[in-house]
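Before any comments, here is the structure.
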Amino acid sequence: MIIVECPKSVGIDTYPTRVGHGHGHATLVRVSVLHSVALCVLIQQFQDITFFWRRRGGSSSKNMPHDKWCQTVQLEPEVISMSFIPISSLLSGIDGSGFLGHAINLYLRYKPPIEELHQFLEFQLPRQWAPVFGDLPLGPDKKQQNVASLQFSFMGPKLYVNANEVEVGNMPVTGMRLYLEGKRSNCLAIHLQHLSSVPKSFQPHYESGQNYSNSYDRRYYEKVQGKSFSHVCTAPVESDDDLSIVTGARFEVGESGMKSVLFLRLHFARVAGSTVVKKPVWDGSPALVQKSGILSTLISTKFSTGHKPPPKPADVNINSALYPEGPPTPAPTRKLLRFVDTTEMTRGPQDPPGYWVVSGARLMVDRGKISLRVKYSLLAVILQDDEALLPG
Numbered sequence: 001m002i003i004v005e006c007p008k009s010v011g012i013d014t015y016p017t018r019v020g021h022g023h024g025h026a027t028l029v030r031v032s033v034l035h036s037v038a039l040c041v042l043i044q045q046f047q048d049i050t051f052f053w054r055r056r057g058g059s060s061s062k063n064m065p066h067d068k069w070c071q072t073v074q075l076e077p078e079v080i081s082m083s084f085i086p087i088s089s090l091l092s093g094i095d096g097s098g099f100l101g102h103a104i105n106l107y108l109r110y111k112p113p114i115e116e117l118h119q120f121l122e123f124q125l126p127r128q129w130a131p132v133f134g135d136l137p138l139g140p141d142k143k144q145q146n147v148a149s150l151q152f153s154f155m156g157p158k159l160y161v162n163a164n165e166v167e168v169g170n171m172p173v174t175g176m177r178l179y180l181e182g183k184r185s186n187c188l189a190i191h192l193q194h195l196s197s198v199p200k201s202f203q204p205h206y207e208s209g210q211n212y213s214n215s216y217d218r219r220y221y222e223k224v225q226g227k228s229f230s231h232v233c234t235a236p237v238e239s240d241d242d243l244s245i246v247t248g249a250r251f252e253v254g255e256s257g258m259k260s261v262l263f264l265r266l267h268f269a270r271v272a273g274s275t276v277v278k279k280p281v282w283d284g285s286p287a288l289v290q291k292s293g294i295l296s297t298l299i300s301t302k303f304s305t306g307h308k309p310p311p312k313p314a315d316v317n318i319n320s321a322l323y324p325e326g327p328p329t330p331a332p333t334r335k336l337l338r339f340v341d342t343t344e345m346t347r348g349p350q351d352p353p354g355y356w357v358v359s360g361a362r363l364m365v366d367r368g369k370i371s372l373r374v375k376y377s378l379l380a381v382i383l384q385d386d387e388a389l390l391p392g
């Protein structure tokens with residue numbers, strides 16, 4: 001016995017076929033009404049054929065007229081075919097669709113936790129470095145008479161230090177780097193990466209003074225090359241308040257006996273109404289291993305949060321600037337790079353949950369090279385709507 005199940009709705013041109021074998025068993029064949037040739041072949045080969053008609057979608061009532069059944073298809077549809085379109089294409093013609101489409105694309109690309117989506121989106125603003133390259137002098141260097149300098153060997157070149165303060169106002173800082181300025185790239189400076197504007201929920205308030213914690217503890221003084229030459233203070237510079245973020249930085253060169261010592265100074269601002277989301281973490285240059293001092297090794301182990309995952313592929317930098325990564329430097333200045341690690345320490349949307357801010361930093365000495373480690377914090381501002389949801 002052959003049982004043929006056919007759909008009543010015209011236009012379905014494909015159906016799966018399932019045939020049962022064995023003596024005394026019925027064979028079920030599902031075909032389309034459009035396959036009339038196949039039906040003729042079945043009728044010619046088999047005499048005992050029973051037809052069952054089945055509708056696709058809508059009401060399953062067998063006795064319902066076709067015109068009434070058509071009215072039920074929208075209420076009980078059955079997917080026949082589908083196609084995918086970008087969700088942002090549904091926003092065309094709506095006011096503010098550009099911003100909403102950008103937010104949707106950011107969410108689909110980085111997939112932040114939905115409960116932290118508000119903070120994530122507030123931090124997806126353009127980022128820039130301070131000072132900007134346009135503010136750096138491009139003319140011939142003046143004689144460095146009253147500028148502090150470091151020297152790491154008897155006949156080695158001098159590394160001048162830019163002690164000017166870098167301030168970014170209330171903009172949250174998202175990265176730091178060491179940079180060699182000047183025509184000869186022989187002047188060490190500190191640069192800050194920050195958001196181009198302040199997120200609406202963030203209201204930093206300046207703190208008085210700077211942080212000098214452990215600055216003059218000689219246990220943190222580490223040589224770069226020889227013991228008789230310049231040292232670097234590797235003490236962590238951070239605020240005692242967990243709700244404070246970095247808003248400024250500068251270098252200072254002090255004296256310890258006959259040696260010059262390089263210090264890092266930071267300015268902080270407290271974020272009002274915020275709370276700590278996660279424990280702060282420290283990031284450092286990938287080559288931060290085998291420190292030159294025992295104290296740095298112990299501190300680095302304490303601040304480390306486990307082995308870092310393999311480095312991610314570099315992001316494609318879509319930038320129309322002539323030199324998006326900074327102006328070119330003369331080839332002879334490369335000799336001073338063996339004393340300074342200029343790796344950019346930054347965190348952005350690609351680092352979940354995507355709204356890290358700098359809350360501290362420290363200088364390091366790694367195999368005769370000055371490098372930088374940065375402390376990142378996650379702060380969330382409690383909004384009034386969120387407070388209403390909290391249990392009293």
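Residue numbers are given in UniProt numbering: position 102 of the sequence shown equals residue 102, and the series is strictly consecutive. For each residue, glycine too, the CB sits at the ideal point set by N, CA and C.
- Start and end residues, alpha helix (DSSP H) containing SER59: Note, SER59: premise wrong, no alpha helix (DSSP H); not H, not E.
- Item | Local Cβ density within 10 Å of LEU192, reported as buried at 16 or more and exposed below that | Buried, since its Cβ has 16 or more Cβ neighbours within 10 Å.
- Contacting residues, own chain, Cβ-Cβ under 8 angstroms from VAL374 (five flanking each side not counted): Excluding sequence neighbours, VAL374 sits near GLY175, MET176, TRP282, ASP283, GLY284, MET345, VAL358, GLY360 and ALA361.
- Helix, strand or coil at ILE87 according to DSSP, with G and I counted as helix: Under the three-state reduction of DSSP output, ILE87 falls in the helix class.
- Query: Whose CA, out of ARG265, GLY96 and TYR179, lies closest to the CA of THR247?
  - Reply: Ranking ARG265, GLY96 and TYR179 by Cα distance to THR247 puts ARG265 first.
- Message: Within 10 Å of its beta-carbon, does SER274 have 16 or more other beta-carbons around it, so buried, or fewer, so exposed?
- Response: By the neighbour-count rule (16 or more Cβ atoms within 10 Å), SER274 is buried.
- Answer yes or no: do PRO157 and LEU363 have a C-beta to C-beta separation smaller than 8 angstroms? In terms of Cβ geometry, PRO157 and LEU363 do not form a close pair [threshold 8 angstroms].
- Leaving out five residues on either side along the sequence, give the residues of the same chain with a beta carbon under 6 angstroms from the beta carbon of VAL161. Cβ neighbours of VAL161 beyond the five flanking positions: ALA148, LEU188, PHE251 and VAL253.
- Counted within 10 angstroms of its Cβ, other Cβ atoms place HIS194 as buried (16 or more) or exposed: Around the beta carbon of HIS194, 16 or more other beta carbons lie within 10 angstroms, which makes this residue buried.
- Message: For a test of the three-state rule: what should DSSP assign to SER300, helix, strand or coil?
- Response: Because the pLDDT of SER300 is 46, which lies under 50, any placement of that residue in the model is unreliable, and the number read from its coordinates should be weighed accordingly. SER300 falls in the helix class under three-state DSSP.
- Query: Which residues bound the beta strand (DSSP E) around LYS375?
  - Reply: 370-381 is the span of the beta strand (DSSP E), which, as asked, contains LYS375.
- Sequence-distant residues of its chain with Cβ nearer than 8 angstroms to MET258 (five each side left out): The residues are SER228.
- Message: Just to confirm my understanding: we take SER260, look at its own chain, exclude 5 residues before and 5 after, and list those with CB closer than 6 angstroms. What are they?
- Response: If we look at SER260 and ignore the five residues flanking it on each side, its Cβ neighbours are LEU150, SER230 and VAL253.
- Message: Tell me the DSSP secondary structure of ILE104 in three-state form.
- Response: It is helical.
- Query: Just the Cα atoms here: how many angstroms apart are LEU372 and GLY169?
  - Reply: The C-alpha of LEU372 lies about 22 angstroms from the C-alpha of GLY169.
- Message: Using only the alpha-carbon positions, how far apart do ASN186 and LEU262 sit?
- Response: The straight-line gap from Cα to Cα measures roughly 15 angstroms.
- Item | Pairwise C-alpha distance: TRP129 and PRO140 | With a pLDDT of only 47 at PRO140, under 50, the local geometry of the prediction cannot be trusted, and no value is derived from it.
- Rounded to whole angstroms, how far is the Cβ of ALA163 from the Cβ of HIS205, which I believe are closer than 8 angstroms? Contact between ALA163 and HIS205 does not hold, since their C-beta atoms are separated by about 26 angstroms, which reaches or exceeds 8 angstroms.
- Query: In the DSSP assignment, what residue or residues form a beta bridge with TRP282?
  - Reply: Beta-bridge partners assigned by DSSP to TRP282: LYS375.
- Message: Comparing C-alpha positions only, which one of ASP240, TRP69, CYS70 and THR343 sits nearest to LEU180?
- Response: Across the set ASP240, TRP69, CYS70 and THR343, the C-alpha of THR343 shows the shortest separation from the C-alpha of LEU180.
- To the nearest angstrom, how far is it from the Cα of SER153 to the Cα of GLY182? A straight line joining the alpha-carbon of SER153 with that of GLY182 spans about 22 angstroms.
- Query: Are there 16 or more other CB atoms within 10 angstroms of the CB of VAL132, so buried, or fewer, so exposed?
  - Reply: Flag for VAL132 reads exposed.
- Backbone secondary structure at GLN74 - three-state DSSP: When secondary structure is reduced to three states using DSSP, GLN74 falls in the coil class, being assigned neither helix nor strand.
- Residues near GLU116 in its chain [Cβ-Cβ closer than 7 angstroms; skip 5 each side]: Excluding five sequence positions before and after GLU116, the CB atoms of its chain that fall closer than 7 angstroms to its own CB belong to PRO353, given in chain order.
- Task: Compare the C-alpha of ARG347 against each of TRP69, VAL173 and GLY101 and name the closest.
- Result: Taking only the C-alpha atoms, the option nearest ARG347 is VAL173.
- Message: Runs of 3 residues minimum, wholly inside the stretch 159-239: which ones carry the beta strand (DSSP E) assignment?
- Response: Correct list: 173-181, 187-195, 204-206, 221-223 and 231-233.
- Item | The beta strand (DSSP E) enclosing GLN350, as first and last residue numbers | That residue, GLN350, is in no beta strand (DSSP E); it is neither H nor E in DSSP.
- Query: For VAL381 versus VAL224, is the C-beta distance shorter than 8 angstroms?
  - Reply: In this structure, VAL224 does not lie closer than 8 angstroms to VAL381 by Cβ.
- If you run the structure through DSSP and keep just helix, strand and coil, what is LYS259? In the three-state reduction of the DSSP assignment, LYS259 falls in the strand class, which pools E and B.
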